[in-house]
Amino acid sequence: MSAKRGIAWPLQGSEDSLDLFHHDQIRWFYNWSSDKTSDIDIEFVPMLWTGNNGDDADQFAEKVRSQGATHALGFNEPERSEQANMSPSDAAQIWKQYVEPLRNQGIRLGSPSIASTEEGLNWLQQFLNEGCQIDFLALHWYGRGVDNFIDYITSARERFGSRYPVWITEFSCTSWNPNEPVSQDEINQFFDQSLARLDETDWVERYAWFGAARHLDAALGSGNCLISDNGQLSELGRKYVGA
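In this note's numbering, the protein residues as written are 17 to 259.
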């Protein structure tokens, strides 16, 4: 049984219930927001998706405290214009004012979640160089080959001195090419091998497969779905929850 496994749950538009994933293997979930959108009895980890909306940042700490959260996640892919879209210096200012004080109350903070690119790594390096305090790295990865995946998260951790544990808050197997999609067999093999590797790696604290949905973008590939077209857990979904 894995104590690391969680669910990245769509904040909006899901036609299904998070209760599908209420199994012993699933220990936590997040939804890219600070608002808990389900009464499911597993740990909710709030996220401050961006710091560009002043009210969200101003209210974040109180929401985290009122929900009794013990962990919180930072900005979502802030290096990307279509995501949180923040400069490292602006993000650092907001972090120090609204997020970092939570550490004094015993809440562990995940870094801003970066995409698996040099741009993302450089962004996070600049953010940390501003003196921001975190407790663990939050990383994303999409691609092919379990060795490529493990090599990336290992090198990313080493880049920041190997002093932080790691959460993988988004990952799956994809070619990013809808005209040459990854086969279901390749996805299944990656799924089995990557979860085994993550479970046996002591500095990986938690992870969340992407995605907990019936349908995914064609470029990402529907073979990664944890929910089938009929609203029940897919084969991957059943394996993920240990059903």
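Cβ coordinates follow ideal geometry from the N, Cα and C atoms, glycine included. None of the values given here were measured: they were computed from a predicted structure.
Helix, strand or coil: how does DSSP classify Leu232 here? On the sequence shown, residue 232 is found 216 positions in, with the first residue counted as 1. In the structure shown, Leu232 sits in coil (DSSP, three-state: anything other than H, G, I, E or B).
How would you call His231, buried or exposed, if buried means at least 16 neighbouring beta carbons within 10 angstroms? As a working mapping, residue 231 is identified with position 215 in the sequence shown. So His231 ends up on the exposed side.
Outcome for Leu137 when other beta-carbon atoms lying within 10 angstroms are tallied against a minimum of 16: On the sequence shown, position 121 is the one that residue 137 refers to. Buried, by the Cβ-count rule.
Sheet register partners of Cys189 (DSSP bridge): Position 173 of the sequence shown holds residue 189. Cys189 is bridged to Gly159.
Met102 - partner residues in DSSP beta bridges: Indexing the sequence shown from 1 puts residue 102 at position 86. BP columns for Met102 are empty, so no partner.
Reducing DSSP to helix, strand and coil, say where Tyr256 ends up. Within the sequence shown, numbered from 1, the residue matching residue 256 stands at position 240. Helix, per DSSP.
Would the beta-carbon of Leu64 fall within 8 Å of that of Phe91? Position 48 of the sequence shown, counted from the first residue, corresponds to residue 64. Position 75 of the sequence shown, counted from the first residue, corresponds to residue 91. Yes; because the gap between Cβ atoms is below 8 Å, this pair is in contact.
Look up Ser129 in the DSSP assignment and say whether it is helix, strand or coil. In the sequence shown, counting from the first residue as 1, residue 129 sits at position 113. Residue state, collapsed to three classes: strand.
Near Ile184, what residues of its chain come up, given a Cβ to Cβ distance below 6 Å and the 5 sequence neighbours on each side ignored? The count along the sequence shown starts at 1 and reaches residue 184 at position 168. Cβ neighbours of Ile184 beyond the five flanking positions: Leu155, Tyr223.
Tell me which residue opens and which closes the alpha helix (DSSP H) that Ala85 is part of. In the sequence shown, the residue the question calls residue 85 occupies position 69. Run containing Ala85: none; DSSP gives neither H nor E here.
Could you please give me the residues that DSSP links to Arg119 through a beta bridge? For the purposes of this step, residue 119 is taken as residue 103 along the sequence shown, with counting starting at 1. Looking at the DSSP assignment, Arg119 forms no beta bridge with any residue, so it has no partner.
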